[in-house]
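Working notes, beginning with the structure itself.
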Amino acid sequence: MKEKLREKRFRTRSVAGTLALGETIAEILRPPKLVILSGEVGAGKTTLVKGIAAALGAAFEDDVTSPTFTLVHEYEGPTIHLFHLDLYRLETEEQIAVLGLEEMISEPNALVLVEWGERFESVVNLADAEIVMEHGEGDERGMIVRWRDE
Ligand SMILES: Nc1ncnc2c1ncn2[C@@H]1O[C@H](COP(=O)(O)OP(=O)(O)OP(=O)(O)O)[C@@H](O)[C@H]1O
Ligand SMILES: [Mg+2]
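In the working numbering, the protein residues as written are 10 to 159.
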């Protein structure tokens with residue numbers, strides 16, 4: 010993530026709004042493969058993944074649950090193999106190394122969405138894009154999407 014980045018900002022006022030943004034963001038994330046989702050607990054990272062998975066036809070929103078304890082969930086869409094990771098409970102680079110992130114992104118149709126990925130240098134080095142989610146007042150959420158301009 011060192012080279013030129015493009016950036017877009019979004020704001021939503023409800024869960025439904027965040028879910029609906031999945032479509033726009035799925036479009037932006039077409040070429041990027043590994044995407045870090047950052048933002049505090051409850052910022053809406055998993056909610057956005059539900060919207061992205063649904064937009065890609067990879068899963069129904071309700072079938073996407075947080076991989077906090079399982080670490081990785083996979084969904085197969087018509088054109089995309091979606092991986093959803095949550096690294097909140099992990100602490101060391103050794104724990105990251107065994108996840109096989111490089112193997113996941115080596116798949117031609119992979120999209121790898123990683124919650125809490127910014128905490129690990131190895132994940133940051135593999136990232137093609139990042140989505141920073143900010144908790145606003147009440148149900149307001151802000152989103153900054155940054156991705157490589159190639
Ligand atoms: N505009 C909004 N967008 C997303 N979630 C919202 C919004 N307004 C309220 N919420 C609530 O905020 C919470 C977001 O939870 P979610 O699991 O998506 O967050 P998260 O960032 O993945 O948290 P964690 O770090 O624990 O994984 C849910 O309880 C949801 O109902
Ligand atoms: Mg989450």
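No residue lacks a Cβ here, since even glycine has one placed at the ideal position from N, Cα and C.
Query: Beta carbon of residue 14 nearer than 8 Å to that of residue 120; Result: no
Query: Residue 66 Cβ short of 7 Å to ligand 1 heavy atom set; Result: no
Query: N- and C-terminal bounds of the alpha helix (DSSP H) containing residue 96; Result: Taken as a continuous stretch (DSSP letters only), residue 96 belongs to no alpha helix (DSSP H), as it is neither H nor E.
Query: CA nearest to the CA of residue 62, picked from 46, 83, 48; Result: 83
Query: One or two residues paired with residue 14 in a DSSP bridge; Result: 157
Query: Closer than 7 Å: residue 79 CB and nearest ligand 2 heavy atom; Result: no
Query: Proximity of residue 55 and residue 75 at Cβ, strictly below 8 Å; Result: yes
Query: Within the segment 77-133, ranges of the alpha helix (DSSP H) (whole runs, at least 4 residues); Result: 102-106, 110-115
Query: Touch test, the segment 116-132 against the segment 41-61, Cβ-Cβ under 8 Å, three pairs minimum; Result: yes
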